[in-house]
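Each position in the sequence shown, counted from 1, maps to that position plus 104 in this note's numbering. By construction, the Cβ of each residue, glycine as well, lies at the ideal position given by its N, Cα and C atoms.
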Amino acid sequence: MNLAPSILAGERLALARLLSKIENNMQEGLTALNELFPHTGQAHLVGVTGAPGTGKSSLVNQLAYYYRHPIQGQTPRKIAIIAVDPSSPFTGGAILGDRIRMQDLAGDPGVFIRSMAARGSLGGLAQTTASLVQVFDAAGFETILIETVGAGQAEVDIARLAHTTIVVEAPGLGDEIQAIKAGILEIADILVVNKADRPGVESTERALQNMLQLGHPIRNMKRPEDAQDRDDEQQAQAILPIWVPPILRTVATQGDGVSELVRAISDHYQYLHDTGQWKKRERNRLQNELDNLLKDSLVARWRATISKSEYKYILDSLVERRISPHQAVESLLDGGSPGKSF
Ligand SMILES: Nc1nc2c(ncn2[C@@H]2O[C@H](COP(=O)(O)OP(=O)(O)O)[C@@H](O)[C@H]2O)c(=O)[nH]1
Ligand SMILES: [Mg+2]
Numbered sequence: 105m106n107l108a109p110s111i112l113a114g115e116r117l118a119l120a121r122l123l124s125k126i127e128n129n130m131q132e133g134l135t136a137l138n139e140l141f142p143h144t145g146q147a148h149l150v151g152v153t154g155a156p157g158t159g160k161s162s163l164v165n166q167l168a169y170y171y172r173h174p175i176q177g178q179t180p181r182k183i184a185i186i187a188v189d190p191s192s193p194f195t196g197g198a199i200l201g202d203r204i205r206m207q208d209l210a211g212d213p214g215v216f217i218r219s220m221a222a223r224g225s226l227g228g229l230a231q232t233t234a235s236l237v238q239v240f241d242a243a244g245f246e247t248i249l250i251e252t253v254g255a256g257q258a259e260v261d262i263a264r265l266a267h268t269t270i271v272v273e274a275p276g277l278g279d280e281i282q283a284i285k286a287g288i289l290e291i292a293d294i295l296v297v298n299k300a301d302r303p304g305v306e307s308t309e310r311a312l313q314n315m316l317q318l319g320h321p322i323r324n325m326k327r328p329e330d331a332q333d334r335d336d337e338q339q340a341q342a343i344l345p346i347w348v349p350p351i352l353r354t355v356a357t358q359g360d361g362v363s364e365l366v367r368a369i370s371d372h373y374q375y376l377h378d379t380g381q382w383k384k385r386e387r388n389r390l391q392n393e394l395d396n397l398l399k400d401s402l403v404a405r406w407r408a409t410i411s412k413s414e415y416k417y418i419l420d421s422l423v424e425r426r427i428s429p430h431q432a433v434e435s436l437l438d439g440g441s442p443g444k445s446f
């Protein structure tokens, strides 16, 4: 059965079914994705990342609630939430910190929540997430919130999917700022100090401020006259307005600071469009996806042409230091003939 038309017609059951097929790497999922792809490219992808317990789920919840119940005069947006938490499998409803809000969202046809645990999915978690995002995008969800635990490379890759990345910190989680360890601060467009009702907010803010200045010296030198002896492209970049990641305080359990966060998200969206960065990010994102898929497909295709024993022979030679890793690759690509002398 082709699920794509039902997705485009906004049928939730078909949507849920397709997401499962994609997560399970079923051919039917791929076929539908191909058909849906021309309908994508509209949604604003917002990544929310940070250490466990900082309040990401609570915040995502609040954001979704706000988008569904905006201030007067604004239309509610259709919101999809993808929660990627490799450490905790789907727990059926309790995934979002605040259960009461969760129930507020549960009956709302304008909200779709999907939780994903790490599985041995082909192409990895980031690829699966990218596919789920495409489905939501085609289904007309305007903002897609992607919650990831900012720890490993997979999470950073997922965060790279987003147009706007929010890094969430909380005071008192330890002496060091967790996100810095993972190097994720570099991809932050908006920094949030959640749990602002707890002691230590100022010092967390100060630490973030310092890291921002250290990590992004370019952000402090935006005077066009600096651009004199650079090439054209650099000059063009130098006169673009520079986005300085704002540092915001929130109390996700109360909803404090959420409207300001929504404002910052919309400002960043506007910035991306005004400066042409949106198109650039889209191109980079798709190139990244293309290259990854290409790599996986080439490896899979090549694997099918070589026997296990040939592969084992080369690997053994490598382990015994008879050949180097580069030589091993060369031999394998040459057909891996075991008769070859190294
Ligand atoms: N005091 C306080 N607790 C919060 C706040 N935001 C979240 N929490 C609590 O912190 C815990 C972890 O929240 P959760 O959203 O699951 O964090 P996540 O692991 O980052 O997704 C939960 O018990 C929340 O109720 C906040 O702003 N202030
Ligand atoms: Mg969470």
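Your pair Leu365 and Thr357 does not check out as a contact, with CB atoms roughly 14 Å apart and the cut at 8 Å. Distances from the alpha-carbon of Val362 to those of Val272, Asn106, Gly214 put Val272 closest. The beta carbons of Leu376 and Trp382 sit about 4 Å from each other, so the pair counts as a contact at 8 Å. In this structure, Ala300 has its CB at a distance of at least 7 Å from all heavy atoms of ligand 2. Under the 8 Å Cβ criterion, the segment 420-431 does not count as touching the segment 307-317, having fewer than three qualifying pairs. The bridge partners DSSP lists for Asp360 are Val355. Per DSSP, the continuous beta strand (DSSP E) segment holding Gly151 begins and ends at 148-154.
A distance criterion of 7 Å places the beta-carbon of Thr357 in contact range of ligand 1, judged by its closest non-hydrogen atom. Where Phe216 is concerned, there is no enclosing alpha helix (DSSP H), although the beta strand (DSSP E) around it starts and stops at 215-220. CA-CA distance, Arg385 to Ser413, rounds to 43 Å. Taking C-beta atoms as the reference points, Leu209 and Tyr170 fail to come closer than 8 Å. In chain order, Thr268, Thr269, Ile270, Trp347, Pro349, His372 place their CB closer than 8 Å to the CB of Asp293, counting only its own chain and leaving out the 5 sequence neighbours on each side.
Annotation: the continuous beta strand (DSSP E) that includes Leu249 extends over 247-253.
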